[in-house]
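A short write-up of the structure that comes next.
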Amino acid sequence: MTDFKHAARMLLKRPAFTLVAVLTLALGIGANTAIFSVVNSVLLRPLPYPEPDRIVRLWEQAVDGHRMAVSHPNFLDWRQRATSFETIAQYAGGTETVLGGSEPVFAPAYGVSDGFFRVFGVAPAIGRTFVTEEMRQGGVPAVIVSHAFWQHTLRGQPDLSLLRVIISGMSARVVGVMPPGFDYPARADIWVPSEVFSDDSGRTAHNYSVVARVKNGVAAAQASAEMNAIAAQLVQQYGEHENAAAVAMLPLRDALTADSREALLLLLGAVGLVLLIACANVATTMLTRGEERRTELAVRAALGAARGRLVRQLLVESLVLGSAGAIAGLLLAAWLLRALISINAVALPRAEGIGIDGRVLLFTLIMACVTPLLFGLIPSLQVSRADLREALTEGGRGTSAPTRAWIRAVLVSAEVAVALLLLVGSALLIRSFANVMSVDTGFDTRGAVTATMAVPGSKYPDAPRSAVFYDGLLERLRRVPGVIAAGGVNQVPLSGTDLGGSFQFESVSHSGLSPYAGYRIATPGYLEAMKVRLLQGRTLLDSDRAATPPVAIVNEAFVRQYLSRTNPIGVRFKYFGMDPVNPVLTIVGVVKDVHHRSLVRAVDPEVFVSAYQQPFRARGTMTVVVRAGSVEQESSVATAVRDTVRQFDPDVPVELSTLDRFVKDSVADRRFLLMVLTTFGGIAMLLAATGIYSVLSQSVAQRTSEIGIRMALGADAGSVVRLVLATAMTSVVSGLVLGVIAAVASERVIASFLFNVRPIDPLAFAGAAVLLLFVALLAGYVPARRATRVDPLLAVRAQ
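Residues in the sequence shown are numbered consecutively from 2, following the working numbering.
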């Protein structure tokens with residue numbers, strides 16, 4: 002306890018040093034705590050289900066290795082043949098208009114097969130799961146709702162027998178309320194038995210997600226091998242009607258976090274480097290301060306204090322600094338987490354659980370104990386070697402032992418090298434993000450308002466009545482002042498949703514498995530509202546109705562991949578299982594490629610069909626795109642769209658957005674990584690500059706006599722500045738060289754995050770190096786200018 006009291010007293014005697022050291026450590030520890038909190042919530046925290054490691058997600062896998070959703074017939078075969086699973090279930094859905102609360106709402110709703118809730122080992126908190134008579138076509142309509150939906154929309158009515166909702170054209174009784182926090186998948190609010198819907202889709206219509214619970218005692222590899230054996234059997238049994246060659250299986254937690262894992266681990270490594278810079282910075286400052294305490298420690302040693310006793314005292318001071326830095330860092334981390342969550346938007350899964358919990362506090366405590374060793378051990382060992390005669394001699398001359406000066410130079414070089422590594426990474430991500438945002442989407446985002454809606458099945462139970470609704474609504478929207486075009490589509494580009502299937506040409510030969518293409522259901526006017534350029538033929542017309550021959554518009558990728566040697570106009574083909582009727586479609590037009598899935602992926606073949614010619618799917622969720630005459634009119638048009646929909650049918654809720662927002666949300670993960678890593682790069686650069694300033698300030702103080710003599714002998718201010726800066730630039734340049742080597746060696750780490758940028762990009766490397774060199778010169782210029790103000794006469798007298 003005496004050591005701690007003495008340490009606190011010594012630190013309070015140097016408030017400037019203590020404040021700078023604590024703030025530096027707070028930056029390093031706070032950044033690490035914040036990122037670890039994110040990693041803990043997203044990657045480490047178990048899923049909130051019993052035995053979550055037994056829950057897996059399954060996909061079908063094509064010959065080229067890409068994963069696909071599962072077809073309904075294949076799922077039925079999986080369920081019948083697989084023996085490795087305790088329970089297996091499928092689900093599919095999206096947003097639906099739900100009536101029954103105080104007002105119509107647009108809610109995420111999913112059709113789930115028997116056993117879905119058993120997969121997760123979760124039962125309703127109120128009520129029950131579905132029973133047999135509710136899980137068949139023509140059975141008693143029933144739904145289970147989330148706890149949040151029950152509270153907010155159904156006002157927490159405890160008597161479920163009084164609750165009914167109207168969804169998908171049926172009035173269903175609410176039979177269960179799930180526990181708080183259960184909202185799988187994707188923040189679901191309503192679950193409906195999928196068995197009540199007929200599904201005649203084929204084996205190449207990949208429309209379902211599948212989850213399963215592996216039996217106790219069955220290894221994941223064993224279950225995966227069995228599923229791939231079943232997939233091989235299905236290929237052999239169904240031939241051309243089966244386009245899945247294998248089954249991919251992942252633990253559910255890995256499936257949820259797969260797209261974020263590498264980015265978060267990269268950020269965790271980056272903040273680790275920031276902490277190392279912070280520790281090096283504090284170590285440099287402690288070495289500098291140690292020079293001032295050498296006489297004190299030498300006297301204590303001369304009076305009988307053992308070196309181990311001195312080292313212990315200095316380490317206790319480091320521990321006090323580390324603890325203060327950890328406390329301040331914890332406060333900083335809480336603020337950083339709020340900032341990270343605000344910029345995260347849709348970038349991270351499981352973000353709702355991000356926060357400081359017991360594991361995060363333990364992590365911070367460990368850093369509070371470890372960091373003092375990182376920044377305090379070397380200064381403690383060096384300073385504790387103080388010799389009374391040497392200390393008095395150096396104190397009088399203002400010189401520094403070569404070993405201590407060398408250590409400070411090495412620490413500065415290390416700070417510069419790590420800072421350059423982070424700045425190069427930031428520069429590469431900046432260039433990559435600029436390339437992503439410069440990709441031609443194939444449509445015009447400026448002035449385009451989107452309105453997502455789903456007509457209630459109780460009022461529009463069939464395709465003709467749905468067509469009447471959209472016809473009338475679009476006609477009204479086109480008459481809104483400032484609107485120049487309007488049209489609807491089942492899935493707007495970059496919305497994160499995709500529907501597709503295999504098809505067969507009527508007269509064009511194609512080798513290998515059945516060709517595959519995206520399936521877009523659009524109204525007349527949609528392509529015009531998106532400003533998608535027509536390259537050949539015609540677009541969708543109002544005359545394309547149920548009574549006329551079904552038509553299709555295809556994109557350039559479709560032509561390149563399947564019809565490169567054929568005039569596409571007039572080519573006929575039909576999908577497998579996308580519609581009970583499976584009409585033959587005739588290509589009447591070709592449009593420019595549109596990036597639907599991602600800006601960084603190659604455009605896939607796509608087919609646009611008329612919503613009025615697809616009765617099976619015309620009643621799903623539609624997004625109406627309304628084109629304003631100018632960007633300035635976007636806001637007023639959005640308000641007019643909401644009012645128009647409400648006036649046209651108050652039972653149809655609408656979600657407004659813009660095409661620009663869909664594009665920005667599609668790159669949210671890249672923007673998140675860029676902003677966070679660039680921030681850490683800036684912190685690293687600031688800390689490196691602080692270290693350079695500290696070392697040069699100490700150097701100037703120690704070389705006062707030498708500088709004074711030089712000036713007495715005629716040296717001008719410029720030569721003195723160059724002399725002082727040369728001391729720092731040796732360390733800076735060596736740090737830059739080491740940083741370049743480290744950045745080249747770590748190219749594989751960042752390569753997967755780049756788009757159209759090489760990991761070893763000369764412009765990024767040069768830009769980062771020049772910026773860091775400029776900042777280093779600025780940091781060194783202040784003490785260098787201070788050196789020119791040394792009074793030669795006083796310096797000579799001191800000597």
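Every residue gets a Cβ at the ideal spot worked out from N, C-alpha and C, and that includes glycine.
Secondary structure of residue i, DSSP reduced to three states
i: Gly736; result: helix
i: Asn556; result: strand
i: Lys216; result: coil
i: Thr453; result: strand
i: Val23; result: helix
i: Gly396; result: Caution is warranted here: a pLDDT of 49 is assigned to Gly396, below 50, making its placement in the model unreliable, and no coordinate value can be reported.
i: Ile522; result: strand
i: Asn803; result: There is no way to answer for residue 803, as the model of the chain reaches only from 2 to 800.
i: Asn208; result: strand
i: Ser503; result: strand
i: Val272; result: helix
i: Pro252; result: strand
i: Lys575; result: strand
i: Ile328; result: helix
i: Arg119; result: helix
i: Gln223; result: helix
i: Gly590; result: strand
i: Leu564; result: coil
i: Gly781; result: helix
i: Gln537; result: strand
i: Gln237; result: helix
From the options, residue whose alpha carbon lies closest to that of residue i
i: Pro281; options: Ser319, Ala264 and Asp260; result: It should be noted that the sequence gives Ala, not Pro, for residue 281. Of Ser319, Ala264 and Asp260, the residue nearest in Cα terms is Ser319.
i: Thr624; options: Ala352, Ser210, Ile278 and Ala449; result: Ala449
i: Thr587; options: Ile554, Phe577 and Asp594; result: Ile554
i: Gly571; options: Pro551, Tyr92 and Leu13; result: Pro551
i: Glu135; options: Leu155, Glu104, Ile367 and Ser172; result: Ser172
i: Arg787; options: Val144, Ser700 and Gln62; result: Ser700
i: Phe121; options: Gly101, Gly489 and Pro180; result: Pro180
i: Ser631; options: Asp445, Val248, Thr84 and Leu265; result: Asp445
i: Ser114; options: Arg174, Val40, Phe198 and Thr728; result: Phe198
i: Val807; options: Arg672, Ala108, Leu675 and Ala603; result: For residue 807 there is no data in the structure shown, the boundaries of the chain being 2 and 800.
i: Val738; options: Val771, Arg723, Val750 and Leu13; result: Val771
i: Leu366; options: His597, Ser324 and Ala329; result: Ser324
i: Asn229; options: Gly102, Leu164, Ser162 and Ser85; result: Ser85
i: Arg350; options: Pro494, Val493 and Asp184; result: One point to set straight first is that residue 350 is Pro, not Arg, in the sequence displayed. The shortest C-alpha separation from Pro350 is found at Asp184.
Cα-Cα separation, residue i to residue j
i: Val43; j: Ile355; result: 8 Å
i: Pro49; j: Asp605; result: 37 Å
i: Thr524; j: Ala689; result: 59 Å
i: Met531; j: Ala32; result: 42 Å
i: Ala415; j: Ile693; result: 11 Å
i: Ser698; j: Ala352; result: 45 Å
i: Ile36; j: Ala744; result: 22 Å
i: Val272; j: His148; result: 38 Å
i: Val275; j: Gly497; result: 34 Å
Contacts around residue i, its chain only, beta-carbon distance under 8 Å, and the 5 residues preceding and following it disregarded
i: Ser695; result: Asn282, Thr285, Thr286 and Thr289
i: Arg129; result: Val176 and Gly177
i: Gln537; result: Pro569, Ile570, Gly590 and Val591
i: Ala487; result: Leu475, Leu478, Arg479, Gly526, Ala530, Val625, Val626, Val627 and Arg628
7 Å CB neighbourhood of residue i in its chain, flanking five on each side removed
i: Arg262; result: Leu44
i: Trp151; result: Gly157 and Val178
i: Arg10; result: none
Neighbourhood of residue i by C-beta distance below 6 Å, restricted to the same chain and skipping five residues each side
i: Thr789; result: Ala718 and Val721
i: Phe756; result: Ser433, Asn436, Val437 and Val601
i: Phe118; result: Thr130
i: Glu87; result: Arg214 and Lys216
i: Asn583; result: Lys575
i: Ala752; result: Pro760
i: Val141; result: Glu134 and Glu135
i: Leu269; result: Ile36 and Val40
Would the segment 47 to 62 and the segment 187 to 203 be scored as touching if the rule is three or more Cβ pairs under 8 Å?
no
Within the chosen definition, does the segment 500 to 507 reach the segment 460 to 476 through at least 3 CB pairs nearer than 8 Å?
no
Say whether the segment 85 to 92 touches the segment 208 to 228, bearing in mind that this needs 3 or more beta-carbon pairs closer than 8 Å, one atom from each stretch.
yes
Should the segment 371 to 380 be regarded as contacting the segment 659 to 672, the criterion being three or more beta carbon pairs within less than 8 Å?
no
Does the count of Cβ pairs from the segment 62 to 71 and the segment 245 to 254 closer than 8 Å reach three?
yes
Could you tell me whether the segment 412 to 428 touches the segment 762 to 771, using the rule of 3 or more Cβ pairs below 8 Å?
yes
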